[in-house]
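Below is one structure; the comments refer to it alone.
Numbering (the numbering used here), first residue to last: 655 to 741.
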């Protein structure tokens, strides 16, 4: 059974699924994720025999993963956001 496509109607307007509001929130979420990974990087030692306690700093253990999770939450919100909804 074949379905007829609606391409024969010249008045049909093609729309994107996401609007500018969705993309704005996606870029904000992406910025949070990138900042989180930048804060998480570093802290290692060049010499494998020397321990560097900077690996366990607040920035790498608490702040950076929290920023990444917040960024992922913003990304989920941006995907689920309906810009066509009337207030």
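Note that beta-carbon positions come from the ideal geometry of N, C-alpha and C, so glycine has one too.
{"Asked": "Starting from the C-beta of residue 699, find all residues in its chain whose C-beta is less than 6 angstroms away, skip the five residues before and the five after it, and write them out in chain order.", "Found": "706"}
{"Asked": "Would you mind stating whether residue 729 and residue 680 have Cβ atoms separated by less than 9 angstroms?", "Found": "yes"}
{"Asked": "From the DSSP output, in three-state form, read off residue 725 for me.", "Found": "helix"}
{"Asked": "Quick one: is residue 721 buried, meaning 16 or more other Cβ sit within 10 Å of its Cβ, or exposed?", "Found": "buried"}
{"Asked": "Using the Cβ count rule (16 or more neighbours within 10 Å means buried), how would you classify residue 732?", "Found": "buried"}
{"Asked": "Just the C-alpha distance for residue 739 and residue 712, rounded to the nearest angstrom, thanks.", "Found": "41 angstroms"}
{"Asked": "Checking 9 angstroms against the spacing of the C-beta atoms, do residue 672 and residue 724 come in under that value?", "Found": "no"}
{"Asked": "Pick out whichever of 677, 691, 682 has its Cα sitting closest to the Cα of residue 717.", "Found": "691"}
{"Asked": "Report whether the distance from the Cβ of residue 738 to the nearest heavy atom of the ligand PLP is below 8 angstroms.", "Found": "With respect to the ligand PLP, the structure shown offers nothing to examine, as it has no ligands at all."}
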